Structure formats: structure tokens, C-alpha cells
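In my numbering, each residue carries its 1-based index in the sequence shown increased by 141.
The beta-carbon is built from N, C-alpha and C at its ideal position, and this holds for glycine as well.
Bear in mind the structure is a predicted one, so any value in this text is a computation, not a measurement.
Below is one structure, written out as C-alpha cells, with a few remarks after it.
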Amino acid sequence: MIRALAALLLLMTSPLQAEEMKLAVTTSFHNSGLSDVLLPAIAEDTGLEVQLLVVGTGQALRLGEAGDVDAILVHSKAAEEAFLADGYGTHRREIMYNDFVLIGPKDDPAEISGAADAATALSAIAQSESSFVSRGDDSGTHKKELSLWAGADLQPESFGSWYKAVGAGMGASLNTAAGLDAYIMSDRASWLNFGNKGDLALLFSGDPVLFNQYAYLPVNPARHDHVKAMAAAQLEDWLTSEKAAGLINGYTINGEGLFVFNATPAK
């Protein structure tokens, strides 16, 4: 009797075990360092232990389709809308944005720093056949890069050896570009948080076409009844809260903001 009472008292005074959920996120989001700020706050405020699966957008969507995660946080609107149209997600909620930038050698052999727009900058790289590193991994960044080449009426499959598709995440691709003294497209957050800049510099930005929106998509429990829909909803509430807005807008590197909170109203 005494043992049973002691066990009951221990159970009553022990902290509740945090609920775990799985969130697929892009390598660019993870490389920014923002997750190191958000995850402890999420755990403290909600009791959720969010396990990140860090992959490209294409792989994140495939994990959602397979029901291997409870939600995804990605940045490729067309692919996200296709995911929803096929019934794999319940809805799409915009959370924050930054922008893509073109990085390259400081001496800028293709002379893109004065380009009028992104299409002109990419055309200059192609015409000069300056080394260019592509992620080549079906990520949101890679999808965006391909759309920009198309917007410049250029097709990477016709490029020569100067175009190098490495099939890697943002950090690894930036490392390759630094080693080769090559041009590369990156999201601004990953570039600012990248430590091995070598002789690279941010050479072009500001074209509205480089806008980079991140969105949250819960996996549809009607497709996979094991997904933790309530935990995904709880995380969504937190990600769209004033607390999240303050942390996202306040996250800086060397005084420069990496993301802007723009969560849309719930539908």
C-alpha cells in the first residue's frame, strides 16, 4: 500500500513527457539557424518536442505524401499547391519570407552586379560561361533556380561543364561554390549564416522575382490516420502567434534580419 502510494505521488509530481511530432523542413531554413531559436521556445510554450527532418522541398513533400511526417515547412508554392490538390495536405499557411540572392566571385567576371534584373544576371553568367553551382536536388531553391533560367529563355540541360549540379543541400552547395570560386543562387538567410564565404560576395538581389515565401502544410490525417493532427495544429497556432512573430522578425546576423513574419489568417 505504501509502495503504491509512493509510486502515485511520484507520478503526480513528475513532469509530463513532451509530445513528439515530426516536421520536414528545408535545408535552407535549417541552415539559417532560426530553428535553434524557435524550437526551445516551442517546447517551453506548448510542450511539443518537434523533431526536424532536414531535406529539400521535393523530399519534404514526398515525406508528407508517405505520411512519414506530421507537417512540412517548405518554399515552393506551385509544388505545395500540387501537394494539396492531390489530397496529401489539409491546407497551406504562409508563415514568413525572405529572398533569394546571387552569390559569386568578388571580382564578378560575368559582371552581374549591375544587372537590371535576375534574367539579365543569369544571361550574363551563361554568356561568359562562368562557373555556376546548382543545388540540383529538387529543393525549393533548385526549383526556383530552374524557373529563373526559364525566365531568361535558357535551359540548363544545354549548358556546358561550367554548370555544375551537385545534388546537395544549401550549405554543401555554398561550400562547393566557395571552393570553385563559382556563382550560385542562395536564399539570403543561408548566405548570411554561412561561415566559409572565401572570396565570394553577394552580387545581385532586389528583383521581385526573387521573393521567397515559406509555408506550413499539415499532412492530411484522412490519408494517414497515424499523423498527429492535433500536434500539427498546435504548432501552427504557435508559428502564427505574436511570440513567433517577435522571434522571427528579431532574428538577425550582424544586425541584418533574415526573415520577415507574414502569417496569413486561418481559413
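Residue(s) in a DSSP beta bridge with residue i
i	result
Q192	K163
V360	G230
E397	I394
M426	This structure cannot speak to residue 426, because the chain is shown only from 142 to 408.
Q200	In DSSP, Q200 forms no bridge with anything.
N172	The partner list for N172 (beta bridge, DSSP) is empty, contrary to what the question assumes.
G352	Just to set this straight, residue 352 is Phe in the shown sequence, not Gly. Partner(s): D240.
I325	I244, V274
F402	M237
Residue range of the unbroken alpha helix (DSSP H) whose run includes residue i
i	result
S331	329-333
V215	Element bounds for V215: not the alpha helix (DSSP H) but the beta strand (DSSP E), 212-215.
V307	No alpha helix (DSSP H) holds V307; DSSP gives it neither H nor E.
S275	Run containing S275: none in the alpha helix (DSSP H); it sits in the beta strand (DSSP E), 273-275.
D186	175-187
F300	Premise fails: F300 is in no alpha helix (DSSP H) and is neither H nor E.
S254	Where S254 is concerned, there is no enclosing alpha helix (DSSP H), given that its DSSP letter is neither H nor E.
G336	Looking at the DSSP string, G336 is not in any alpha helix (DSSP H), and its letter there is neither H nor E.
G281	281-292
L111	With the chain covering only 142 through 408, there is no way to say anything about residue 111.
A260	259-269
Residue range of the beta strand (DSSP E) that includes residue i
i	result
D240	234-246
L341	341-345
Rounded separation between residue i and residue j - CA only
i	j	result
W413	R233	Past the edges of the chain, shown from 142 to 408, lies residue 413, and the structure says nothing about it.
A265	G310	25 Å
A184	I253	44 Å
E82	Y324	Residue coverage of the chain in this structure runs from 142 to 408, which leaves residue 82 outside it and unanswerable.
A226	S217	14 Å
S288	W332	20 Å
G320	V274	11 Å
P362	A165	16 Å
K305	A262	17 Å
D366	G188	22 Å
E235	L194	20 Å
A220	F400	21 Å
A313	M237	24 Å
A404	T381	6 Å
F300	A267	8 Å
F345	A259	8 Å
A207	A370	15 Å
A374	D294	42 Å
S269	P297	14 Å
D248	L343	11 Å
N239	R364	32 Å
K163	A318	32 Å
G97	Y355	With the chain covering only 142 through 408, there is no way to say anything about residue 97.
L180	W290	36 Å
Contact belief for residue i with residue j at Cβ below 8 Å, rounded distance in angstroms
i	j	result
G230	P359	6 Å
N390	G174	Rounded, the Cβ-Cβ distance is 15 Å, inconsistent with contact.
V191	L388	No, V191 and L388 are not in contact; Cβ-Cβ is about 14 Å, not under 8 Å.
G277	G308	5 Å
- Are the region 322-334 and the region 198-214 in contact at 8 Å, needing three or more beta carbon pairs? The answer is no - the region 198-214 does not touch the region 322-334, with fewer than three Cβ pairs under 8 Å.
- Task: Determine, using beta-carbon pairs with one atom in the region 242-259 and one in the region 348-367, whether at least three such pairs fall under 8 Å.
- Result: Between the region 242-259 and the region 348-367 there are three or more C-beta pairs closer than 8 Å, enough to call the two in contact.
- Would you call the region 160-175 and the region 275-295 touching, i.e. three or more CB-CB distances under 8 Å? Yes, the region 160-175 is in contact with the region 275-295.
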